[in-house]
Every structure is written in structure tokens, then in C-alpha cells.
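Novice:
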Amino acid sequence: MDSNLLIGATFCFLLGFGYTLLVLRSGRFRQGSANLIAMIGGFLLLSISLSQRGHLEGSCPINSLFDVLVFMSWAIVLLYLLVGPPYHLSLMGAFTAPLVLLILGVAQLAPISRAASAYRHRDPWIEAHASLSLIAYGAFALAGIAGLMYLVQNRQLKRRKGGLLLFNLPPITELGIANARLLWLGFGLLTIGFAAGFISGMPVNTLKFWTSAAIWGIYGAILVLRRIHSLSPRRTAALSVVVFALLLCTLPIIQSLSTPK
Amino acid sequence: MNILCAGINHHLATVDVREKFAVATHELAEVLARIREIDCLAGAVIVSTCNRVEFYAASVCPIRVIDGLLAFLSERTGGTEAPLYMHDSPRSVRHLFRVVSGLDSMVIGETEILGQIKQAYAAATECGATNRHINKLFQNAFHVAKQVRTETQITRGSTSVGSVAVDLAEKIFGGLAGRKVMLLGAGDTSERTARSLVSRGVRTVIVANRTFDRAARLADEIGGMAVHFEHWHTAFEEVDILICSTAATEPIVTVEKIEPLLRHRDGRPLFIIDLAVPRDVEAAVNDLENVYLYDIDSIEQIVQQSLEVRKAEVVRCEQMIDRHVTSFVAWMQSHVEHFS
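For the record, the sequence lines run as chains P and A.
So the number in this note's numbering is just where the residue sits in the first sequence, counting from 1, plus 102.
So the number in this note's numbering is just where the residue sits in the second sequence, counting from 1, plus 1290.
1. Is there at least one Cβ from chain A nearer than 7 Å to P/T274's Cβ?
2. Output the distance between the C-alpha atoms of A/G1368 and A/L1359, rounded to the nearest integer angstrom.
3. Identify the contact partners of A/S1588 in chain P, using a Cβ-Cβ distance below 7 Å as the criterion.
4. Ignore the nearest five residues each way along the sequence and tell me which others in A/D1378's own chain have a CB closer than 6 Å to its CB.
5. Tell me which same chain residues have a C-beta within less than 6 Å of the C-beta of A/L1318, skipping the five on either side of it?
6. Grouping DSSP H, G and I as helix and E and B as strand, with all else coil, what is P/M141?
7. Is it buried or exposed for A/F1629, if we count other Cβ within 10 angstroms and need 16 for buried?
8. Indicate whether P/M251 and P/L271 have their beta-carbon atoms separated by less than 7 Å.
9. Identify the continuous alpha helix (DSSP H) that holds P/N256 and give its terminal residues.
10. Between the segment 1444 to 1456 of chain A and the segment 1493 to 1504 of chain A, do at least 3 Cβ pairs fall closer than 8 Å?
11. May I ask you to check if the CB of A/M1396 is nearer than 6 Å to at least one heavy atom of the ligand GTP?
12. Find out if the Cβ-Cβ distance for the pair A/C1534, A/V1571 is shorter than 7 Å.
13. Which of the three DSSP states, helix, strand or coil, is assigned to A/S1338?
14. Report yes or no: is there a C-beta of chain P within less than 7 Å of the C-beta of A/F1618?
15. Who are the neighbours of A/N1580 on chain P, taking C-beta pairs under 8 Å?
16. If I measure Cβ to Cβ from P/C114 and keep anything under 7 Å in the same chain, skipping five residues before and after, which residues do I get?
17. Rounded to a whole number of angstroms, what is the C-alpha to C-alpha distance between P/K363 and P/Q255?
18. To the nearest angstrom, how far is the alpha carbon of P/A298 from that of P/A230?
19. Given a cut-off of 7 Å on the beta-carbon distance, is the pair A/G1514 and A/R1493 in contact?
20. Does the distance from the C-beta atom of A/V1488 to that of A/I1462 stay below 7 Å?
21. Tell me, to the nearest whole angstrom, how far the beta carbon of A/L1473 is from that of A/V1497; I am working on the premise that it is less than 8 Å.
22. In terms of alpha-carbon separation, which member of P/L309, P/P226 and P/L244 lies closest to P/G295?
23. Tell me the DSSP bridge mates of A/S1349?
24. Can you list the residues of chain P that A/K1601 reaches, using a CB-CB cut of under 8 Å?
25. Just checking my contact of A/V1232 with A/V1343 at CB under 8 Å: how many whole Å lie between their CB atoms?
26. Rounding to the nearest angstrom, what Cα-Cα distance links A/A1620 and A/D1612 in this structure?
27. Report the partner residues of P/Y321 according to the DSSP bridge assignment.
28. Can A/T1420 and A/G1333 be called in contact, C-beta distance under 7 Å?
29. Got a sec? Which residues, its chain only, sit under 8 Å from A/G1491 by beta carbon, not counting five neighbours each side?
30. Per DSSP, what kind of secondary structure is A/G1358 in: helix, strand or coil?
31. Please classify A/L1583: does DSSP put it in a helix, a strand, or coil?
32. Check whether the Cβ of P/L325 lies closer than 7 Å to any Cβ atom in chain A.
33. Give a yes or no on whether 7 Å exceeds the smallest Cβ distance from A/R1463 to chain P.
34. Going by DSSP in three states, P/R283 sits in which element: helix, strand or coil?
35. Using a beta-carbon distance below 7 Å, is P/L259 in contact with chain A?
36. Determine contact between the segment 192 to 204 of chain P and the segment 237 to 250 of chain P, defined as no fewer than three beta-carbon pairs at a distance below 8 Å.
Have a look at this one:
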């Protein structure tokens, strides 16, 4: 994967995030296209980079932890571009950029293997399983971001102090709806991804199976409880942040268990 | 060519003086025609709002026009003594740019004045009372106002209880279309707040007041429905926004009373605006899930924040205006027009 493209993408996200922080601090934040342009620029660079890697490996570029992190960053930005601007979830880009920066930063700086494993996901069902699961992770990431924005907005409203952040964050009801919809989207994609994995008949490590099942079960439980109003929007938001943080921690384990020794 | 401005405003005169100088819309054409008769006057615009009455004129001979204007005003107002101000360019130009940008308004940064001045200019143009310099002056003024509004924070935030309530409601619910409001007590401020919410799409207003007739009258005026005060909680389940302003000495809305009612709301948020002093709503209600309670102090604090932000922006606006004044004066000097 061309590291210059990745550095360029990282720079775009950094630029978008830095710009938003700067205008927020100066008290002159206005809905503008600067952050969106930076996100689109970063997304295009990531897409080219992934495409090059895909051609090189002859498969969907998710054959190492490095690949997985880059692919997940791409999925998060893709979903942000599909969900954020059309639904006027202002400032979501400012919340998305640091998460993507963190994941890309870990991918580029942490001592993790970049080499694609000898085992390649050539079976289309296995590729569908892996890529859909990672896009589902992207949806869960955005649900976590919407959840975080919900918690911040809830705090701002409860504090009763007004302020720039309160009036620039989207309405709390819309954040709650976005949070729940993104959880449903992630859950749906993860379910299809798991189904594709079962259809492929690939051998599954027991620990990987139960870790994945636990993630699926936790998100399913959150959604059912939310649906029957046993879980408030605030608790759903908080859980979507916590569970995504846990999910990020399990990613290296799942990736290592996915690679046959 | 010189630009002159003579007028009276809310800074210098009370309403009983200002109203004597006011020019109603129906008499505008006639007054403009009278002013056009003043010797050496090349063009004029009259701005008459509740806070100001101002005459803008272009002339090569300012002293004669000022004398003519003073004579006209004295005749029109029956010799009323008034603290009139008179400016010639560049002060008159700066004055207009400040006025149109909302810097001279009672509430700094308000935008209604721009519309009023646009109307005044359109009326003068229709009557054929403007000339090239006046046209250029007002077109520049509108450009300045737009720039000041878009490039500074002078119009930021809300500056009244009603508009803050609307802003907060929109930050809780998003759009207000179809939302339901309940007024607990029918005070003036709560009525104005309810009207602000209705103007933004609130569908139903339920009024509960100790005097049922007053509740019924208000409900009738704003297209709502009245309920007996003792039964307010029966209509509560559907309500999204509760505005309290009763004269009760003890809180009416308590955690104990409201908590069981919240269970039937399926997690829908509830926005409570407590305008009463002493407060109608127990402070601990704000700790309940999905309930956002704002009392009069917290709303006024947000109003103050907005005003402070606007005041802090005045310096930037003035700098912007100064640049435009210099540019306009330079244009005037390069386009000298001899009045014949």
C-alpha cells in the first residue's frame, strides 16, 4: 500500500479536524464545507490506496491487521459521507476525524505486521464475510460517534449554560435516532457478514466464534431493549460508545485468530 | 456632493417625542415630495421606524438643505423641541452603515432594521426621490449589512426569552412541527413564548390556568384548548413542551408527581420552561432522564451570553464599516455632480 497516499489521507483528516477545532475555539464556528472537503479528500486517497493494495494482493485488502485498520477507517469515512452531510449531522465530521486519525495512526505507527498473510481470502463468501463485518464495524463506530455527540449534547442541555457547542451540535432527538439507526445498520451488516461466513464453511476458531457471537449478541440486546423502551436513548448512546471501544480492543484478537497458522 | 443625515432616535428621545416626527407609510410620498422642494436637494430617503426617524439627503449645498429640513420639521411637528442629530459626510455615511448593520439598534445586531431600510429606499425610488449618490449610498449600505452579518457574529444567538425558548426547543426536538405545548398559568411572558413556538410550527397548545375563563380566552386567541388547572396532568402524556408561570408559592411540578407520568412517554424528551418566580418546578426535575428544565435565570443567562458575544463583535464591525466609508467617500470625490 503506497504509504504516501496513507500519509496524505491522514493529513486530510488532521487538517479537517484541526480546522474545526480552531474555528470552534475562536467562537466563529459556522456550518461550512471545509471539514467535508477534507473528509472527501481523505476518503479518495484511502480508496486509491486500498485499490492499489487490492490489486497487489489479488483480493479484498484485509489480509493483515494493518489492512484491516485501514479498511475500517475507509468504511467509517464512507458511512460518515453517506450519513453525516445528507442528514445535516453538523460537527459529526469533527467527531469522526479524530477516531479515523487514531485508527490510521495505530495502523501506521504501531509495530504490527503489514505483510499480507499467505492465506488469501479468495473465496468470495469469505471475502464478503470479512468485508461486510468490517463495514459493520464502521457503522458501529459511527453509532459510537453519534452516541458520544448525544452524551455531549445531553450534558450541554442539562447544564443550562448555553454556549457555542450546544447551538452547533445537532438536536438531541436526531442524534438519538441517528445512533439507533446506525446500530441497526451495523447489526444488519454484521448478521449478513456472519451468514456469509457460515455459508463459506470456513473453519472457525472457537474463541473467535464466541467473541464474534458475544459482539453480535450485545448489539442485538441493546437494539431489542431500545426497541421496547427498556433502554433510554442516553443509555443506548453510552452503551454504543463503550461497546465500540471494547470492539476495537477485540479487533487484533479476531484478526489474529482469522489467520490460519 | 455631500450626504446629509438628520434625525431622531431611541438613544436621544422618548417615544412621545419620536412619534411626533414619525412618517407613516401612507404619507411617505407626500413628505418626500415636500422635501424634494428644498433648495439644492438632489435626492432623499426617509427612514421611519418605531425607534428612529431619519432623513438622508444628497446635496452640493448642505447648509441650505439642513435649514430647509429644519424648517419643514418644525412646521410638521408644530415646533416640537427635540434633540435632533445632523451629520454630513463622512459621518452621515458611517451613521447609515451602522444603522443598517444593526449596531445602532436597541438590541445590537437585530436584523429587522435592514428590511425596514430596504423598504424606505424602495419607497423613495418609487417616488423618484433618489439620485445617483443616494442610490450608490444605499446599495453600499445593504452590501455592508450583508457582509457584517455573514463575516461577524453580530447577529449570533437569541436575545429574548421567547427566541431562546424556541432555539432550545429546536436543539431538543429538531423541527417543532406537530409538537404539543402546555401552558401552566397564563402569564404574559409564557403567552409570548407560546406564540413564538406556534410561529415555528408547534401544533397544539393546551392552556391550564387557575381562572378557567382566562385559560379559555388565551386558548381561543392562539388556537389551542383549555383544561381545568386541577386536571393539567391528565393532558400531560402527549405534551412535549411545558411552560409554567403560575403564581403558586410552592412547586407544582415535582419529581414525585412527574416521575410516574414520564413512564408513559416512551422515552420522548420533555422540555420544561419555568418562567415563574417563585419557581413552579422543583429543581431536581432536571435530573430526570429525558427532561430538560430551564428556569427564568438560565434563559436570561443565555440571552446575556448572546448580547455579550454581539457587543464583543462591535469593534470588528466598526472596522469593517470604516473601510467601506473610506471607499464610498473616495467614490463620491471621484464622481462630483454639480447640482443645477
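Note that beta-carbon positions come from the ideal geometry of N, C-alpha and C, so glycine has one too.
Specialist: In short, the structure shows the following:
1. Here residue 274 of chain P corresponds to residue number 172 of the first sequence, with the count starting at 1. A quick correction: the sequence has Ile, not Thr, at residue 274 of chain P. Interface residue, yes.
2. Position 78 of the second sequence, counted from the start, is the residue given in the question as residue 1368 of chain A. Position 69 of the second sequence, counted from the start, is the residue given in the question as residue 1359 of chain A. Between A/G1368 and A/L1359, the C-alpha separation is close to 14 Å.
3. Here the question's residue 1588 of chain A lines up with position 298 in the second sequence. Neighbours of A/S1588 on chain P, chain order: R262.
4. Here residue 1378 of chain A refers to the residue found at position 88 of the second sequence. Only N1292, L1294 and P1352 meet the Cβ criterion.
5. Here residue 1318 of chain A corresponds to residue number 28 of the second sequence, with the count starting at 1. The residues are A1413.
6. Residue numbering aside, residue 141 of chain P sits at position 39 when the first sequence is read from its first letter. In the structure shown, P/M141 sits in a helix (DSSP, three-state: H, G or I).
7. Here residue 1629 of chain A refers to the residue found at position 339 of the second sequence. Reliability fails at A/F1629, whose pLDDT of 49 lies under 50, so the model's placement of it is uncertain and the value that follows must be treated cautiously. When all chains shown are included, A/F1629 counts as exposed.
8. Here residue 251 of chain P is taken as the residue at index 149 of the first sequence, counted from 1. Here residue 271 of chain P is taken as the residue at index 169 of the first sequence, counted from 1. Yes, the Cβ-Cβ distance between P/M251 and P/L271 is below 7 Å.
9. Here the question's residue 256 of chain P lines up with position 154 in the first sequence. Where P/N256 is concerned, the enclosing alpha helix (DSSP H) stretches over P226 to R261.
10. No contact exists between the segment 1444 to 1456 of chain A and the segment 1493 to 1504 of chain A.
11. Looking at this structure, you won't find the ligand GTP or any other ligand, since it has none at all.
12. Locating residue 1534 of chain A in the second sequence gives position 244, counting from the first residue. Locating residue 1571 of chain A in the second sequence gives position 281, counting from the first residue. It is a contact, given that the beta carbons lie within the stated cut-off.
13. As a working note, residue 1338 of chain A is residue 48 in the second sequence. DSSP places A/S1338 in strand when its eight states are reduced to three.
14. As a position in the second sequence, residue 1618 of chain A is number 328, starting the count at 1. For A/F1618, no Cβ of chain P is located within less than 7 Å of the residue's own Cβ.
15. On the second sequence, position 290 is the one that residue 1580 of chain A refers to. Going along chain P in sequence order, the residues near A/N1580 (Cβ under 8 Å) are S334, P335 and R336.
16. Translated into the one-based positions of the first sequence, residue 114 of chain P becomes position 12. Counting only Cβ-Cβ distances below 7 Å, and skipping sequence neighbours, we find A140, G143, G144 and L147.
17. By 1-based counting over the first sequence, the position of residue 363 of chain P is 261. By 1-based counting over the first sequence, the position of residue 255 of chain P is 153. Confidence in P/K363 is poor, its pLDDT being 47 and thus under 50, which makes the residue's placement too unreliable to answer from.
18. Here residue 298 of chain P corresponds to residue number 196 of the first sequence, with the count starting at 1. Here residue 230 of chain P corresponds to residue number 128 of the first sequence, with the count starting at 1. Approximately 6 Å between the Cα atoms of the pair.
19. Residue numbering aside, residue 1514 of chain A sits at position 224 when the second sequence is read from its first letter. Residue numbering aside, residue 1493 of chain A sits at position 203 when the second sequence is read from its first letter. Taking 7 Å as the Cβ cut-off, A/G1514 and A/R1493 do not qualify as a contacting pair.
20. As a working note, residue 1488 of chain A is residue 198 in the second sequence. As a working note, residue 1462 of chain A is residue 172 in the second sequence. No, Cβ-Cβ distance for A/V1488 and A/I1462 is not below 7 Å.
21. Locating residue 1473 of chain A in the second sequence gives position 183, where the first residue counts as 1. Locating residue 1497 of chain A in the second sequence gives position 207, where the first residue counts as 1. A/L1473 to A/V1497, Cβ: 5 Å. Contact.
22. For the purposes of this step, residue 295 of chain P is identified with residue 193 of the first sequence, where counting begins at 1. Of the candidates P/L309, P/P226 and P/L244, the residue whose Cα lies closest to the Cα of P/G295 is P/P226.
23. Numbered from 1 along the second sequence, position 59 holds the residue referred to as residue 1349 of chain A. DSSP output for A/S1349 lists A/N1292 and A/L1331 as bridge partner(s).
24. Residue mapping note: residue 1601 of chain A aligns to position 311 of the second sequence, counting from 1. Within chain P, not a single residue places a beta-carbon under 8 Å from that of A/K1601; the smallest gap is close to 13 Å.
25. No statement about residue 1232 of chain A is possible, as the shown extent of chain A runs from 1291 to 1630 and does not include it.
26. On the second sequence, position 330 is the one that residue 1620 of chain A refers to. On the second sequence, position 322 is the one that residue 1612 of chain A refers to. Their Cα atoms are separated by approximately 12 Å.
27. For this step, residue 321 of chain P is matched to residue 219 along the first sequence. Residue pairing by DSSP leaves P/Y321 without any beta bridge partner.
28. Taking the second sequence and counting its residues from 1, one reaches residue 1420 of chain A at position 130. Taking the second sequence and counting its residues from 1, one reaches residue 1333 of chain A at position 43. Their beta carbons are under 7 Å apart, which means A/T1420 touches A/G1333 by this criterion.
29. Here residue 1491 of chain A refers to the residue found at position 201 of the second sequence. Closer than 8 Å at the Cβ level, and outside the excluded window around A/G1491, lie G1465, L1466, A1467, G1468 and R1469.
30. Residue numbering aside, residue 1358 of chain A sits at position 68 when the second sequence is read from its first letter. In this structure, A/G1358 counts as helix in the three-state DSSP scheme.
31. Taking the second sequence and counting its residues from 1, one reaches residue 1583 of chain A at position 293. Strand.
32. Within the first sequence, numbered from 1, the residue matching residue 325 of chain P stands at position 223. Chain A places no beta carbon closer than 7 Å to that of P/L325, leaving this residue out of the contacts.
33. Taking the first residue of the second sequence as 1, we reach residue 1463 of chain A at position 173. The sequence given here has Phe at residue 1463 of chain A, not Arg. Cβ-Cβ to chain P under 7 Å: yes for A/F1463.
34. On the first sequence, position 181 is the one that residue 283 of chain P refers to. Helix at P/R283.
35. In the first sequence, counting from the first residue as 1, residue 259 of chain P sits at position 157. Yes, its Cβ sits closer than 7 Å to a Cβ of chain A.
36. Counting C-beta pairs closer than 8 Å gives three or more between the segment 192 to 204 of chain P and the segment 237 to 250 of chain P, which meets the contact rule.
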